[in-house]
Amino acid sequence: GMGVAEKESVKDSRLGVSLGFSMKKHLCSLCSKSFLSPKDLRRHILTHTGEKPYQCPYCNHRAALKGNLKVHIITVHGKNFVDGQDSQVENITAPWRNCM
Numbered sequence: 001g002m003g004v005a006e007k008e009s010v011k012d013s014r015l016g017v018s019l020g021f022s023m024k025k026h027l028c029s030l031c032s033k034s035f036l037s038p039k040d041l042r043r044h045i046l047t048h049t050g051e052k053p054y055q056c057p058y059c060n061h062r063a064a065l066k067g068n069l070k071v072h073i074i075t076v077h078g079k080n081f082v083d084g085q086d087s088q089v090e091n092i093t094a095p096w097r098n099c100m
């Protein structure tokens, strides 16, 4: 029927966009979703565990995603988000640099 054909076309276009399913090697053991990078997989797994590794420096708020913490800091505290955590380029003026 019509419904089946529509489903097929949606599936085909989605596969076309995600350039080859075989490229995605990082599989979530909890829901079988797959990801292009281990970083994406780790971020996804947080949605299952409820873990919130990003701590707000201004209050006791924690966030599962760095982007959510950024929004929190800007909207609640009215401050710019300084990305010091797990970034490639280290912030030389970061106060916690001396602690390591």
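Mapped onto the UniProt record's numbering, the consecutive letters of the sequence shown carry residue numbers 1 to 100. Where a beta carbon is used, it is the ideal one built from N, C-alpha and C, also for glycine. All values reported here derive from a predicted model rather than from experimental measurement.
Please classify Ile73: is it buried, with 16 or more other beta-carbons within 10 angstroms of its beta-carbon, or exposed? buried
Under 8 angstroms Cβ to Cβ from Cys28, same chain only, skipping five residues before and after it: list those, please. Ser34, Phe35, Leu41, His44, Ile45 and His48
Nearest candidate by alpha-carbon position, reference Val76, set Val82, Cys56, Lys66 and Gly50: Cys56
Element boundaries [alpha helix (DSSP H), containing Asn68]: Lys66 to His77
On the three-state DSSP scale, how would you describe Leu27? strand
Would Arg62 and Lys52 qualify as a contact pair, given that the criterion is a beta-carbon distance under 8 angstroms? yes
Label Tyr54 either buried or exposed according to how many other C-beta atoms from any shown protein chain fall within 10 Å of its C-beta, with 16 as the threshold for buried. buried
What is the rounded straight-line gap between the Cα of Lys39 and the Cα of Asn60? 25 angstroms
Euclidean distance between Cα positions of His26 and Leu65: 19 angstroms
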